[in-house]
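Here the protein sequences line up with chains P and S, keeping their order.
Using the numbering used here, read the first sequence as starting at 310 and increasing by one per residue.
Using the numbering used here, read the second sequence as starting at 329 and increasing by one per residue.
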Amino acid sequence: MTPFTTVVGPAAPLMRDNVDTDVIIRIERLTSLGRNELGPYALEALRLRADGSEDPGFVLNQPPFRGAPILLAGSNFGCGSSREGAVWALMGLDVRCVIAPSFGDIFFSNCFQNGLLPIRLPAPTVERLAAACAGGAPVTVDLQQCVLRTPDNSTVPFTVDALRREGLLKGLDDIGLTLQHDDAIRTWQREDRIRRPWAWPAAALERP
Amino acid sequence: MAGRTLFDKLWDAHVVRDLGDGWALLHIDRHLMHDLGGGPGFAEIAARGLELHDPGLTFATPDHAVSSQPGRVATTFPLGGRLHAALRDGAKSAGVQFFDLGAPGQGIVHVMAPELGIVLPGLSVVCTDSHTCTNGGIGALAFGIGSSESVHVLATQTLRQQKPRRMRIRCEGTLASGVTAKDLALHIIGRLGAAAGVGHAVEFAGPAIEALEVEARLTLCNLAVELGARFGLVAPDERTIAWVAGRPWAPEGAAFEAAAAYWRKLTTDPDAVFDSEETIDASQVAPTVTWGTSPEHAIAIDAAVPDPATLGPRAQEGAAALAYMGLQPNAPIAGTPVDWVFIGSCANSRLSDLRAAAQIARGRKVASGVKAWVVPGSEIVKRAAEAEGLHRLFTEAGFEWREPGCSMCVAANGEQVPPGQRSVSTSNRNFVGRQGPGARTHLASPAVAAAAAIAGCIIDPRALR
Numbered sequence: 310m311t312p313f314t315t316v317v318g319p320a321a322p323l324m325r326d327n328v329d330t331d332v333i334i335r336i337e338r339l340t341s342l343g344r345n346e347l348g349p350y351a352l353e354a355l356r357l358r359a360d361g362s363e364d365p366g367f368v369l370n371q372p373p374f375r376g377a378p379i380l381l382a383g384s385n386f387g388c389g390s391s392r393e394g395a396v397w398a399l400m401g402l403d404v405r406c407v408i409a410p411s412f413g414d415i416f417f418s419n420c421f422q423n424g425l426l427p428i429r430l431p432a433p434t435v436e437r438l439a440a441a442c443a444g445g446a447p448v449t450v451d452l453q454q455c456v457l458r459t460p461d462n463s464t465v466p467f468t469v470d471a472l473r474r475e476g477l478l479k480g481l482d483d484i485g486l487t488l489q490h491d492d493a494i495r496t497w498q499r500e501d502r503i504r505r506p507w508a509w510p511a512a513a514l515e516r517p
Numbered sequence: 329m330a331g332r333t334l335f336d337k338l339w340d341a342h343v344v345r346d347l348g349d350g351w352a353l354l355h356i357d358r359h360l361m362h363d364l365g366g367g368p369g370f371a372e373i374a375a376r377g378l379e380l381h382d383p384g385l386t387f388a389t390p391d392h393a394v395s396s397q398p399g400r401v402a403t404t405f406p407l408g409g410r411l412h413a414a415l416r417d418g419a420k421s422a423g424v425q426f427f428d429l430g431a432p433g434q435g436i437v438h439v440m441a442p443e444l445g446i447v448l449p450g451l452s453v454v455c456t457d458s459h460t461c462t463n464g465g466i467g468a469l470a471f472g473i474g475s476s477e478s479v480h481v482l483a484t485q486t487l488r489q490q491k492p493r494r495m496r497i498r499c500e501g502t503l504a505s506g507v508t509a510k511d512l513a514l515h516i517i518g519r520l521g522a523a524a525g526v527g528h529a530v531e532f533a534g535p536a537i538e539a540l541e542v543e544a545r546l547t548l549c550n551l552a553v554e555l556g557a558r559f560g561l562v563a564p565d566e567r568t569i570a571w572v573a574g575r576p577w578a579p580e581g582a583a584f585e586a587a588a589a590y591w592r593k594l595t596t597d598p599d600a601v602f603d604s605e606e607t608i609d610a611s612q613v614a615p616t617v618t619w620g621t622s623p624e625h626a627i628a629i630d631a632a633v634p635d636p637a638t639l640g641p642r643a644q645e646g647a648a649a650l651a652y653m654g655l656q657p658n659a660p661i662a663g664t665p666v667d668w669v670f671i672g673s674c675a676n677s678r679l680s681d682l683r684a685a686a687q688i689a690r691g692r693k694v695a696s697g698v699k700a701w702v703v704p705g706s707e708i709v710k711r712a713a714e715a716e717g718l719h720r721l722f723t724e725a726g727f728e729w730r731e732p733g734c735s736m737c738v739a740a741n742g743e744q745v746p747p748g749q750r751s752v753s754t755s756n757r758n759f760v761g762r763q764g765p766g767a768r769t770h771l772a773s774p775a776v777a778a779a780a781a782i783a784g785c786i787i788d789p790r791a792l793r
């Protein structure tokens with residue numbers, strides 16, 4: 310996983326609620342393309358017109374925000390389908406940070422698995438940021454200090470869960486960390502077979 | 329000590345280790361895999377030199393990217409054929425139970441897993457699909473995950489999770505005759521909004537829930553994620569226990585009795601406190617349909633499409649939704665002409681759903697110009713429906729009777745509503761482009777969908793009874 314420390318760049322305002330993962334990446338793109346090929350199709354229902362040409366009215370097609378690494382969004386960003394491809398697609402557009410009042414729960418988890426930082430801030434704060442960033446001047450997202458520095462030289466603190474912050478800063482792999490607890494997992498399983506024998510299907514019981 | 333909620337009890341029973349800061353290492357009792365993410369998941373395990381921790385706790389079946397065309401095989405939809413082969417081969421070499429096309433057990437994961445007794449009350453269940461919350465309808469701790477988390481489960485049989493807040497939605501009163509769990513779900517989402525459950529596990533409770541059949545509870549919990557919640561729950565009761573008994577993978581005899589004794593304790597204590605509570609009057613729920621591009625855009629079937637100007641800060645979003653849907657403000661939703669009807673999906677493809685649709689279709693004809701599909705949720709549902717003669721009833725009325733899978737809900741298999749055409753669908757998402765680019769989807773119950781097919785427009789099914 311790509312570590313995340315500090316990201317600097319324009320913050321594109323996509324200020325609408327309930328941007329779902331179907332809109333972030335269409336399902337056919339996931340069945341036909343690899344995870345590194347999705348960027349050109351991210352947000353295509355919004356970014357492209359029916360004939361496949363870019364819609365100049367869409368914020369990410371406008372010069373200051375093309376390739377912006379930060380996205381400002383409305384509430385419940387990434388709701389809907391669990392598809393992790395939504396995160397891969399945004400990263401394919403070079404987005405590394407999304408700031409919104411709230412996120413779809415599964416999308417939020419998926420972000421941390423891939424080095425994309427989702428930041429929750431109150432809606433008025435996100436709206437104030439959108440106004441301050443409207444010209445496309447760069448914003449700094451500093452995960453070490455957990456602070457945003459905006460073009461008008463103000464700072465906005467944010468919080469990220471400690472475990473997840475550490476994982477992002479180091480690009481840590483959860484599987485390796487969890488397997489350090491494998492003795493505890495196997496002990497729990499042995500005890501559970503006695504506690505809830507009915508929870509263990511025969512095929513699993515037969516295994517050593 | 330304060331009482332615990334159903335969710336607390338389910339959560340606590342699966343904590344292998346407290347990781348601090350609200351994090352827990354949770355044991356995963358059942359891992360369901362489907363054709364979209366399954367093959368790549370197995371491939372990643374192999375590429376990283378990892379082994380499956382407990383292959384006997386993982387179950388796989390193709391559903392998303394398989395054709396539902398009668399007589400289909402895996403390669404009928406070639407892209408899906410590749411995903412099918414990867415899932416089948418990955419499952420085989422990992423020692424994972426695989427339910428192949430045409431075999432009893434194949435179907436939409438959230439239909440086949442409880443139907444087979446693979447999912448049971450009290451178990452923790454995950455799948456790379458947001459509608460895994462469906463399984464909460466029988467009192468399982470079931471939630472959707474991403475593909476990285478799925479690989480984590482394959483390798484460790486656990487997940488690192490932060491406990492969500494607890495929310496209860498009490499449904500008082502009784503649903504009126506002809507009003508279903510799907511109508512109740514859409515009504516709740518319309519009332520509370522698509523983000524009301526974000527960060528929460530939602531328990532549905534109250535007399536209207538206790539009165540629901542088990543399959544209806546699965547439908548209700550299926551839509552918990554459209555409320556923003558990763559978990560939906562209904563406490564298991566005697567109805568649940570009777571429903572589970574005798575299913576192929578369910579425990580038998582003394583083991584079943586021990587399980588049932590455990591399941592009877594899975595209720596919220598009277599003195600338990602929720603982080604938030606809502607109350608819904610079920611007697612006020614009418615057949616409900618969506619008018620826009622979020623499940624929260626739901627109205628009673630006899631209501632008018634809202635005027636975006638009345639939606640306050642949501643005016644712009646409402647106007648965009650109306651423009652996409654090709655609808656006029658203040659027009660009655662009933663009478664809107666439809667081109668497509670889709671009866672299926674993990675929301676509404678169980679035998680009870682097909683019976684409800686068949687009751688409307690019986691002896692009638694699909695309106696000319698309407699294409700209407702019935703896609704059973706699993707091979708077992710399909711065979712049971714055929715044994716009752718439902719398939720003939722549908723085909724005689726002009727519906728197509730198809731093979732089990734996700735089909736036109738997710739449109740991952742080339743089965744799409746053409747651009748600009750209007751569909752009444754028993755699925756759970758009316759997002760922009762969900763049923764195909766430019767497709768206009770109205771979510772509804774099986775009875776509403778069947779009635780729309782017959783009338784050629786959105787209509788209250790109670791008018792056809």
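Just so it is clear, CB atoms sit at the ideal spot from N, CA and C, and this is done for glycine as well.
Would you mind sorting residue 323/S into buried or exposed? The rule is 16 or more other CB atoms within 10 Å of its CB.
-> Absent from the model: residue 323/S. The displayed extent of chain S is 329 to 793, so no value can be given.
Answer yes or no: does any C-beta atom of chain P fall closer than 9 Å to that of residue 357/S?
-> Indexing the second sequence from 1 puts residue 357/S at position 29. Yes, residue 357/S lies at the interface with chain P (some Cβ there is under 9 Å from its Cβ).
Counting contacts by CB-CB distance shorter than 9 Å, is residue 388/P in contact with chain S?
-> Reading the first sequence from its first residue, position 79 is the one you call residue 388/P. Yes - at least one Cβ of chain S is within 9 Å of the one on residue 388/P.
Simplified DSSP assignment, three categories, for residue 452/P = Here residue 452/P refers to the residue found at position 143 when the first sequence is read from its first residue. Residue state, collapsed to three classes: coil.
Using a threshold of 9 Å, state whether the C-beta atoms of residue 688/S and residue 775/S are closer than that.
-> Counted from its first residue, the second sequence places residue 688/S at position 360. Counted from its first residue, the second sequence places residue 775/S at position 447. Between residue 688/S and residue 775/S, the gap from beta carbon to beta carbon is short of 9 Å.
Could you give the DSSP three-state label for residue 374/P: helix, strand or coil?
-> For the purposes of this step, residue 374/P is taken as residue 65 along the first sequence, with counting starting at 1. Correct three-state label for residue 374/P: helix.
Please classify residue 340/P: is it buried, with 16 or more other beta-carbons within 10 angstroms of its beta-carbon, or exposed?
-> What you label residue 340/P is simply residue 31 of the first sequence in a count that begins at 1. Under this definition residue 340/P is a buried residue.
Identified DSSP bridge partners for residue 604/S | One-based indexing of the second sequence puts residue 604/S at position 276. Partner residues in the beta bridge of residue 604/S, as assigned by DSSP, are 495/S.
Using a Cβ cut-off of 8 Å, which residues of the segment 559–579 of chain S contact any Cβ in chain P, in chain order?
-> Of all residues in the segment 559–579 of chain S, 577 and 579 have a Cβ within less than 8 Å of some Cβ in chain P.
Taking the CB atoms as reference points, tell me whether residue 626/S and residue 518/S lie closer together than 9 Å.
-> Residue numbering aside, residue 626/S sits at position 298 when the second sequence is read from its first letter. Residue numbering aside, residue 518/S sits at position 190 when the second sequence is read from its first letter. Their beta carbons are under 9 Å apart, which means residue 626/S touches residue 518/S by this criterion.
Any residues in the segment 481–503 of chain S with a beta carbon nearer than 8 Å to a beta carbon of chain P? Which ones, in chain order?
-> Going along the segment 481–503 of chain S in chain order, one finds 483, 484, 485, 486, 488, 490 and 492 with a Cβ nearer than 8 Å to chain P.
Span of the beta strand (DSSP E) around residue 351/S | Start at 1 with the first residue of the second sequence, and residue 351/S comes out as number 23. Residues 351–355.
Interface positions of the segment 750–772 of chain S facing chain P (Cβ-Cβ less than 8 Å), listed along the chain = Of all residues in the segment 750–772 of chain S, the ones placed with a Cβ closer than 8 Å to any Cβ belonging to chain P are 757, 759, 760, 761, 762, 765 and 766, in chain order.
Taking C-alpha atoms, which residue in 784/S, 624/S, 717/S and 759/S lies nearest to residue 521/S?
-> The sequence position of residue 521/S within the second sequence is 193, counting from 1. The option with the nearest alpha carbon to residue 521/S is 624/S.
Boundaries of the beta strand (DSSP E) in which residue 361/S is found, first to last residue | Walking along the second sequence from the start, residue 361/S turns up at place 33. Taken as a continuous stretch (DSSP letters only), the beta strand (DSSP E) holding residue 361/S covers 358–361.
Output, in chain order, the set of chain S residues within a Cβ distance shorter than 9 Å of residue 422/P.
-> Locating residue 422/P in the first sequence gives position 113, where the first residue counts as 1. Here the neighbours are 474, 475, 476, 477 and 480.
For residue 430/S versus residue 707/S, is the C-beta distance shorter than 9 Å?
-> Translated into positions along the second sequence, residue 430/S becomes position 102. Translated into positions along the second sequence, residue 707/S becomes position 379. Their beta carbons are under 9 Å apart, which means residue 430/S touches residue 707/S by this criterion.
Pairwise C-alpha distance: residue 357/S and residue 485/S | The residue given as residue 485/S occupies position 157 in the second sequence. The residue given as residue 357/S occupies position 29 in the second sequence. Near 8 Å, if we compare the C-alpha coordinates of residue 357/S and residue 485/S.
Which term fits residue 368/P, buried or exposed, when burial requires 16 or more other beta carbons within 10 angstroms of its beta carbon?
-> For the purposes of this step, residue 368/P is taken as residue 59 along the first sequence, with counting starting at 1. Buried: at least 16 other Cβ atoms inside 10 Å.
Report the residue from 456/S, 457/S and 603/S whose alpha carbon sits nearest the alpha carbon of residue 525/S.
-> Looking up residue 525/S in the second sequence gives position 197. Nearest in C-alpha terms to residue 525/S, of all of 456/S, 457/S and 603/S, is 603/S.
Distance between residue 594/S and residue 559/S (C-alpha atoms, nearest Å) = Reading the second sequence from its first residue, position 231 is the one you call residue 559/S. Reading the second sequence from its first residue, position 266 is the one you call residue 594/S. Annotation: residue 559/S to residue 594/S spans about 16 Å, alpha carbon to alpha carbon.
For residue 380/P, the three-state DSSP class (helix, strand or coil) | Indexing the first sequence from 1 puts residue 380/P at position 71. Here residue 380/P sits in strand by DSSP.
Return helix, strand or coil for residue 414/S, following the three-state DSSP convention.
-> For the purposes of this step, residue 414/S is taken as the residue at position 86 of the second sequence. Three-state result, residue 414/S: helix.
What are the start and end residues of the alpha helix (DSSP H) that includes residue 560/S?
-> Locating residue 560/S in the second sequence gives position 232, counting from the first residue. Under the DSSP assignment, residue 560/S falls outside any alpha helix (DSSP H), being part of the beta strand (DSSP E) whose first and last residues are 559–561.
Could you give the uninterrupted runs of the alpha helix (DSSP H) lying entirely in the segment 540–590 of chain S, keeping only those of 4 residues or more?
-> Note on the segment 540–590 of chain S: whole alpha helix (DSSP H) runs with a minimum of 4 residues are 542–550 and 566–572, in chain order.
Sub-9 Å separation of residue 532/S and residue 497/S beta-carbons | Walking along the second sequence from the start, residue 532/S turns up at place 204. Walking along the second sequence from the start, residue 497/S turns up at place 169. In this structure, residue 497/S lies closer than 9 Å to residue 532/S by Cβ.
Does any C-beta atom of chain P lie closer than 9 Å to the C-beta of residue 442/S?
-> Against the second sequence, residue 442/S aligns to sequence position 114. With a threshold of 9 Å between beta carbons, residue 442/S makes no contact with chain P.
Return no unless some Cβ of chain S is closer than 9 Å to the Cβ of residue 326/P.
-> As a first step, residue 326/P must be located in the first sequence, where it is residue number 17. Taking a beta-carbon distance threshold of 9 Å, residue 326/P counts as an interface residue toward chain S.
Specify whether the segment 380–392 of chain S and the segment 487–503 of chain S touch according to this definition: at least 3 beta carbon pairs, one from each stretch, less than 8 Å apart.
-> Counting C-beta pairs closer than 8 Å gives fewer than three between the segment 380–392 of chain S and the segment 487–503 of chain S, which falls short of the contact rule.
In chain order, what residues of the segment 644–656 of chain S put their CB closer than 7 Å to some CB of chain P?
-> Among the residues of the segment 644–656 of chain S, those with a Cβ less than 7 Å away from any Cβ of chain P are 645, in the order of the chain.
Beta-carbon contacts of residue 365/P that lie in its chain and below 8 Å, excluding the five residues immediately before and after = The residue labelled residue 365/P in the question sits at position 56 within the first sequence. Excluding residues up to 5 positions away in sequence, 371 lie with their Cβ nearer than 8 Å to the Cβ of residue 365/P in the same chain.
Output yes or no for whether 9 Å exceeds the beta carbon distance between residue 455/S and residue 362/S.
-> Locating residue 455/S in the second sequence gives position 127, counting from the first residue. Locating residue 362/S in the second sequence gives position 34, counting from the first residue. It is a contact, given that the beta carbons lie within the stated cut-off.
Would you call the segment 714–732 of chain S and the segment 748–764 of chain S in contact, with 3 or more CB pairs under 8 Å?
-> Under the 8 Å Cβ criterion, the segment 714–732 of chain S does not count as touching the segment 748–764 of chain S, having fewer than three qualifying pairs.
Are the Cβ atoms of residue 406/P and residue 428/P separated by less than 9 Å?
-> In the first sequence, counting from the first residue as 1, residue 406/P sits at position 97. In the first sequence, counting from the first residue as 1, residue 428/P sits at position 119. In this structure, residue 406/P lies near residue 428/P, with their beta-carbon atoms less than 9 Å apart.
Within the same chain, show all residues whose beta-carbon is closer than 8 Å to that of residue 510/P, passing over the 5 residues directly before and after it, in chain order.
-> Walking along the first sequence from the start, residue 510/P turns up at place 201. The answer is none, since no qualifying residue turns up.
Roughly how far, in whole angstroms, is the beta-carbon of residue 347/P from the beta-carbon of residue 338/P, given that I think they are within contact range, below 8 Å?
-> Here the question's residue 347/P lines up with position 38 in the first sequence. Here the question's residue 338/P lines up with position 29 in the first sequence. Their Cβ separation, rounded to whole angstroms, is 6 Å, which keeps residue 347/P and residue 338/P in contact under 8 Å.
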